[in-house]
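Colleague: Before anything else, here's the structure in question.
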Amino acid sequence: MGRFSNIVKGIIFMCVYIGTTMVIPFLTFTWVKEVQILGVAIVLTQHDYEKIIFWISAFGLLISTTAFFNYSSPKQSIRKGTFAMIQIILNCLYIWSYKFSGATEIRFEIVFEIANIGFISINVQNMVMLYMGVYFLTIILKGYDFFDFLLNRKTIREKRYKKMVGGNDSS
Amino acid sequence: MNIIRYSRLFRWVVRAFLLVFTLSLSVVSLLGGWSAVTILNPSSNDINIPDGPIITNFDIGNSSMEIIVPFNISNGGVYALSRISLRFQVGMTFGNTSTLLNDTTTVQIFDTLQPYGSVLPGKTLKANYSGTGSLPLSEVDIYRSPNALEFYANLTFSASYSLNLYTFTVSIIKFSVGNYSWFP
Amino acid sequence: MIFQAVDFIQIIANIVAAILNFLNPIVSPMGEFMVNWMEVVLRFFPQPQDGLIVYVSIAIVIVILGLIINITWPGNKRPGFLKKVDEVEDKVEEKIEETETSVKKKVKKAKKKAKDLEKKADELEELEVETDTLEEELEELEEDIKDIEEDLEETIDEE
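Chains as they are written, first to last, in my numbering: chain A, 80 to 250; chain X, 6 to 189; chain Y, 213 to 371.
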């Protein structure tokens with residue numbers, strides 16, 4: 080792949096990540112902020128909302144830009160491996176910090192005619208542990224990739240330049 | 006011909022494992038969400054707490070009260086509803102004769118958590134929550150109007166779902182469960 | 213039909229539940245470990261009250277770095293060790309070509325010679341055939357001479 084196509088690929092993936100990590104969550108949480116069920120408002124507290132939006136913007140930005148670096152790098156290169164790993168770690172922090180507001184319990188207030196009449200809380204701790212376990216394995220895999228790219232650099236490059244300049248590597 | 010390196014092969018195996026696991030997790034989330042919507046949908050009447058009027062029996066002579074809350078929970082989802090528990094906190098508000106202006110005082114009569122086990126898919130749990138509490142009547146202004154004693158309750162319903170991956174708690178605070186007057 | 217669909221969903225739910233229940237004790241501790249280190253790490257990140265300025269700056273730096281690095285080194289330039297290999301390969305190819313052309317020339321020459329020889333052989337064959345006919349003619353002539361001589365001797369004897 081040439082430099083132009085690499086950069087275009089990076090920009091496309093950055094846009095995808097901006098959409099999935101920033102725009103969609105932002106719209107969703109803005110909608111969820113005040114949902115009404117049978118005339119009863121289920122409200123996410125303003126403090127929680129602001130906190131979530133902050134983390135969406137902060138980690139969304141970092142994830143999107145690392146995605147740009149990652150996807151505009153050549154296949155199986157050390158820099159790609161490095162940034163893929165950074166991206167996964169940021170993803171973990173992103174999920175932990177905003178989706179679960181730094182905790183594993185999401186709490187909605189139940190408001191009926193101005194008065195607060197109770198709350199609904201969803202504890203997703205066990206679910207989060209499983210997801211984080213998956214992320215742990217993904218990080219291990221990315222770490223493995225990184226060392227693989229590092230140790231087998233010669234083989235990878237030989238393969239990459241075997242057929243033509245910027246050739247494909249099917250492995 | 007391209008030969009896949011062994012290191013890449015190992016990577017594919019781990020990736021396949023991750024894919025299976027993530028897919029399973031997604032399916033559980035999806036089915037759990039769908040079931041939760043089915044169960045919690047107000048029109049489905051799957052969770053009725055209380056299922057009928059709350060019964061309060063006052064035994065003023067013995068300074069005690071009994072509360073009975075009938076309820077039923079139907080599991081219309083695909084996974085068992087487990088770790089079901091119901092917690093009732095009842096508070097009594099009364100005019101306090103030991104204060105200068107007969108200010109109202111609220112005391113907690115009882116706070117009991119009762120576990121109800123699990124409800125399998127397609128099954129219904131029909132039970133009564135009951136609790137007894139003692140009434141501190143020594144300082145009660147029995148001439149207070151309109152009611153000498155007012156009872157308020159906090160109800161907390163909690164259950165786990167989707168292989169215990171989600172635990173939800175619904176809490177309704179300070180709703181009236183009855184009152185008592187010596188001179189109707 | 214609906215009941216069949218519900219049954220099918222229930223079967224899928226049970227299979228998935230079995231997989232998750234089996235893997236849960238393995239994966240959950242990993243998740244716990246992740247959560248522990250993340251809680252520590254997140255303390256060092258700028259918090260909501262600090263604003264987004266740090267995150268925006270880091271994002272800009274990453275994008276600029278990405279642009280510079282990936283435009284300068286897009287990964288399509290052959291590495292040094294492969295260049296040497298290329299040089300050796302080129303030399304080998306040149307030699308192969310040279311030897312190929314010389315062999316081809318020699319083959320051409322040999323073919324030409326073979327053709328000439330074939331021509332000569334044909335000529336020789338023709339000559340052989342001619343000599344054979346001449347020899348036959350000679351033999352016939354010799355026989356004729358013999359006959360004539362015999363005739364002559366007979367006539368001489370008679371006379």
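Cβ atoms here follow ideal geometry from the backbone N, Cα and C, with glycine treated the same way.
Can you tell me which of X:Arg13, X:Leu23, X:Ser68 puts its alpha carbon nearest to the alpha carbon of X:Glu144?
Modeller: X:Glu144 has its Cα closest to that of X:Ser68, out of X:Arg13, X:Leu23, X:Ser68.
Colleague: Is it right to say A:Ser152 is buried, meaning 16 or more other beta carbons lie within 10 angstroms of its own, or is it exposed?
Modeller: Counting Cβ neighbours within 10 Å, A:Ser152 comes out buried, since at least 16 surround it.
Colleague: What residues of chain Y sit near X:Tyr171, judged by a beta carbon separation below 9 Å?
Modeller: Per Cβ cutoff of 9 Å: no residues; X:Tyr171 is ~13 Å from chain Y at best.
Colleague: By the criterion of Cβ-Cβ separation under 7 Å, what are the contact partners of Y:Ala271 in chain A?
Modeller: Under the 7 Å cutoff, chain A gives Leu140, Leu141, Thr144.
Colleague: Does the ligand NAD have a heavy atom nearer than 8 Å to the CB of A:Gly212?
Modeller: The ligand NAD is absent from the structure shown, which contains no ligands of any kind.
Colleague: Strictly under 9 Å for the Cβ-Cβ distance: is X:Lys179 near chain A by that measure?
Modeller: Answer yes: the Cβ-Cβ gap between X:Lys179 and chain A drops below 9 Å somewhere.
Colleague: So, at 8 Å on beta carbons, what are the nonlocal neighbours of X:Thr43 in its own chain, with the 5 sequence-adjacent residues on each side left out?
Modeller: Closer than 8 Å at the Cβ level, and outside the excluded window around X:Thr43, lie Ser49, Asp51, Gly81, Gly82.
Colleague: Within its chain, find whatever has a CB closer than 7 Å to the CB of A:Asn247; leave out the 5 residues flanking it on each side and keep chain order.
Modeller: Residue placement at A:Asn247 cannot be trusted, given a pLDDT of 42 that sits under 50; what the coordinates show is reported in the next sentence. Nothing listed; no residue qualifies.
Colleague: When the Cα of A:Trp175 is compared with those of A:Glu188, A:Gln204, A:Arg158, which residue comes out closest?
Modeller: Taking only the C-alpha atoms, the option nearest A:Trp175 is A:Gln204.
Colleague: Classify Y:Val341: buried if its beta carbon has 16 or more other beta carbons within 10 angstroms, exposed otherwise.
Modeller: Result: exposed.
Colleague: Spell out whether any CB of chain Y is found under 9 Å from the CB atom of X:Tyr166.
Modeller: With 9 Å as the cut-off, X:Tyr166 does not count as an interface residue toward chain Y.
Colleague: Which residues in the same chain have their Cβ closer than 6 Å to the Cβ of Y:Phe215, if we skip the five residues on either side of it in sequence?
Modeller: The predicted position of Y:Phe215 is uncertain, since its pLDDT is 48 and thus under 50; a value taken from the coordinates is nonetheless stated next. Excluding positions up to five away in sequence, the list is empty.
Colleague: For the beta strand (DSSP E) containing X:Gln94, list its first residue and its last residue.
Modeller: X:Gln94 -> beta strand (DSSP E) spans 86–100.
Colleague: Applying a beta-carbon distance threshold of less than 7 Å, which residues of chain X neighbour Y:Leu235?
Modeller: Simply Phe26.
Colleague: Applying the criterion that 16 or more other CB atoms from any shown protein chain within 10 Å of the CB defines a buried residue, is A:Ser249 buried or exposed?
Modeller: With a pLDDT of 38 at A:Ser249, under the threshold of 50, the predicted position of this residue should be treated as unreliable, and no value is reported.
Colleague: Can you confirm whether A:Ile196, when its beta carbon is compared against all beta carbons of chain X, has any partner nearer than 9 Å?
Modeller: A:Ile196 counts as touching chain X.
Colleague: So Y:Pro286 packs on A:Asn85, CB below 8 Å; how close in whole Å?
Modeller: Between A:Asn85 and Y:Pro286 the Cβ distance is about 5 Å, and since that is below 8 Å, they are a contact.
Colleague: Write down the C-beta distance between X:Ser112 and X:Gly136 rounded to the nearest angstrom, noting that I regard them as a contact closer than 8 Å.
Modeller: Per the sequence shown, the amino acid found at residue 112 of chain X is Val instead of Ser. About 15 Å separates the two Cβ atoms, so there is no contact after all.
Colleague: Which two residues bound the contiguous beta strand (DSSP E) that contains X:Glu71?
Modeller: That run of the beta strand (DSSP E) goes 69–79.
Colleague: Give the straight-line distance between the Cα atoms of Y:Glu362 and Y:Glu351, rounded to the nearest whole angstrom.
Modeller: When rounded, the distance between both Cα atoms is 16 Å.
Colleague: Can you tell me whether A:Gly238 is buried or exposed? The criterion is at least 16 other CB atoms within 10 Å of its CB, across all chains shown.
Modeller: Here residue 238 of chain A turns out to be Lys, not Gly, going by the sequence shown. Per the 10 Å Cβ criterion, buried.
Colleague: Are X:Ser90 and X:Leu118 touching if we call contact CB-CB under 9 Å?
Modeller: Yes, Cβ-Cβ distance for X:Ser90 and X:Leu118 is below 9 Å.
Colleague: For Y:Ala271, which three-state DSSP category applies?
Modeller: Helix at Y:Ala271.
Colleague: Can you check whether the C-beta of A:Val95 is within less than 9 Å of a C-beta belonging to chain Y?
Modeller: So no, A:Val95 is outside the interface.
Colleague: Within its chain, find whatever has a CB closer than 6 Å to the CB of A:Ser143; leave out the 5 residues flanking it on each side and keep chain order.
Modeller: So the qualifying residues of the chain are Met93, Tyr96, Ile97.
Colleague: Please decide whether Y:Glu244 counts as near chain A, where near means a Cβ-Cβ distance under 9 Å.
Modeller: True, the Cβ-Cβ gap to chain A drops below 9 Å.
Colleague: Just mark Y:Met213 as buried or exposed, buried being the case when its beta carbon has 16 or more other beta carbons within 10 Å.
Modeller: Its pLDDT being 49, under 50, Y:Met213 is placed unreliably by the model, and nothing is read from it.
Colleague: Is it buried or exposed for Y:Ala326, if we count other Cβ within 10 angstroms and need 16 for buried?
Modeller: Exposed, because fewer than 16 other Cβ atoms sit within 10 Å of the Cβ of Y:Ala326.
Colleague: Strictly below 8 Å CB to CB, what residues from chain X border A:Thr217?
Modeller: Near A:Thr217 (Cβ distances below 8 Å), the residues of chain X are Leu23.
Colleague: From the DSSP output, in three-state form, read off X:Lys179 for me.
Modeller: Of the three classes helix, strand and coil, the one that applies to X:Lys179 here is strand, per DSSP.
Colleague: Within the chosen definition, does the region 210–226 of chain A reach the region 17–30 of chain X through at least 3 CB pairs nearer than 8 Å?
Modeller: With a cut-off of 8 Å, the region 17–30 of chain X and the region 210–226 of chain A count as touching, because enough Cβ pairs lie within range.
Colleague: When burial is assigned at 16 or more other CB atoms within 10 Å of the CB, is A:Pro104 buried or exposed?
Modeller: Looking at its Cβ environment, which holds 16 or more other Cβ atoms inside 10 Å, A:Pro104 is buried.
Colleague: So, helix, strand or coil for A:Leu220, using DSSP?
Modeller: Looking at A:Leu220 - three-state DSSP - the assignment turns out to be helix.
Colleague: Alpha carbon to alpha carbon, what distance is there between A:Arg236 and Y:Ile308?
Modeller: Cα to Cα, the separation comes out at about 27 Å.
Colleague: The alpha helix (DSSP H) spanning A:Ser143 covers which residue range?
Modeller: It spans 125–150 - the alpha helix (DSSP H) in which A:Ser143 sits, taken as one unbroken run.
Colleague: Cβ atoms of A:Gly139 and A:Thr109: under 9 Å apart, would you say?
Modeller: Not a contact, by the Cβ cut-off of 9 Å.
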